[in-house]
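Written out below as structure tokens is the structure these notes cover.
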Amino acid sequence: MTIVKVVSFRYQIGMNDNLQTPDQIAELLVHVGRTARREDARSALTAAQWTGLRFFARANGSTRTPSGLASFQATTRGTASQTIKSLERMGLVTGTRSDRDRRSVSFDLTDRGRETLAHDPLRDLIDVIDTLGTVERDRFLATLSQLASTLAIRRDLPAFGTCQDCSHYAQSGDTAYCACMAAELAIEDIPKLCASYRPAPAAGKPKETRNGTA
Numbered sequence: 036m037t038i039v040k041v042v043s044f045r046y047q048i049g050m051n052d053n054l055q056t057p058d059q060i061a062e063l064l065v066h067v068g069r070t071a072r073r074e075d076a077r078s079a080l081t082a083a084q085w086t087g088l089r090f091f092a093r094a095n096g097s098t099r100t101p102s103g104l105a106s107f108q109a110t111t112r113g114t115a116s117q118t119i120k121s122l123e124r125m126g127l128v129t130g131t132r133s134d135r136d137r138r139s140v141s142f143d144l145t146d147r148g149r150e151t152l153a154h155d156p157l158r159d160l161i162d163v164i165d166t167l168g169t170v171e172r173d174r175f176l177a178t179l180s181q182l183a184s185t186l187a188i189r190r191d192l193p194a195f196g197t198c199q200d201c202s203h204y205a206q207s208g209d210t211a212y213c214a215c216m217a218a219e220l221a222i223e224d225i226p227k228l229c230a231s232y233r234p235a236p237a238a239g240k241p242k243e244t245r246n247g248t249a
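In the working numbering, the protein residues as written are 36 to 249.
Okay, structure coming up:
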């Protein structure tokens with residue numbers, strides 16, 4: 036609850052009736068992020084290593100690559116590769132070469148990596164968010180996802196999201212399909228981050244299926 040108290044105290048002082056201006060929302064987002072990551076400094080892992088560990092836990096199979104991590108972190112592939120090598124040396128991730136393309140390597144968390152992630156410094160923030168009601172959490176997630184996608188487009192950066200909100204996603208009966216990969220989706224991959232993500236059309240437009248529009 037410390038995060039909530041600090042933010043509330045800082046921004047309640049001197050506020051007028053205009054409580055939700057864009058600049059104040061932007062400042063709050065940055066402030067909450069910095070407060071949540073402050074624990075990284077007391078951890079054996081760096082902030083970049085924690086980001087990599089979270090990424091490989093949340094991304095789908097085709098995205099858990101050095102280039103996928105580089106895009107997600109908005110950094111170079113070389114920097115991402117150094118982060119991955121450090122995670123491998125600590126025994127937190129392990130790589131598997133693709134059967135179709137031997138140059139491509141996909142990374143997964145080891146048992147030790149999953150155990151380490153259970154002590155993620157973001158845990159306090161996650162617990163605070165968990166106190167929100169389901170409806171409020173869903174609305175908050177939708178808003179943040181829209182902000183992240185729009186900002187990525189404006190800055191010409193890759194957008195990351197999950198299948199349900201992606202324009203490549205189609206569903207026909209019990210089958211889910213990715214038009215970008217031209218392949219059916221594994222059920223476990225649908226809620227995971229994907230580097231091929233493209234924001235779906237605005238709400239209200241019919242979603243396509245493999246056989247046409249819904």
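Glycine is no exception: its CB is placed at the ideal position from the N, C-alpha and C atoms.
Three or more pairs of CB atoms, one per stretch, sit closer than 8 Å, so the segment 88–100 contacts the segment 218–237.
Judged by DSSP in its simplified three-state form, residue 138 adopts coil rather than helix or strand. Checking the DSSP bridge columns, you'll see residue 219 partnered with 212. Beta-carbon to beta-carbon, residue 148 and residue 163 are separated by about 25 Å, too far to satisfy the 8 Å threshold. Using a Cβ distance threshold of 8 Å, residue 151 and residue 88 count as a contacting pair. When the alpha-carbon of residue 83 is set against those of 118, 72, 67, 103, the nearest one is in 118. Pairing residue 202 with residue 233 gives a Cβ-Cβ distance under 8 Å.
It is roughly 13 Å from the alpha-carbon of residue 57 to the alpha-carbon of residue 178. Under the three-state reduction of DSSP, residue 96 is assigned to coil, being neither helix nor strand. Counting along the chain, residue 132 sits inside the beta strand (DSSP E) bounded by residues 128–132.
Under the 8 Å Cβ criterion, the segment 60–68 does not count as touching the segment 109–124, having fewer than three qualifying pairs. Within the segment 137–169, complete beta strand (DSSP E) segments of at least 3 residues are found at 140–144, given in chain order. The three-state secondary structure of residue 234, taken from DSSP, is strand.
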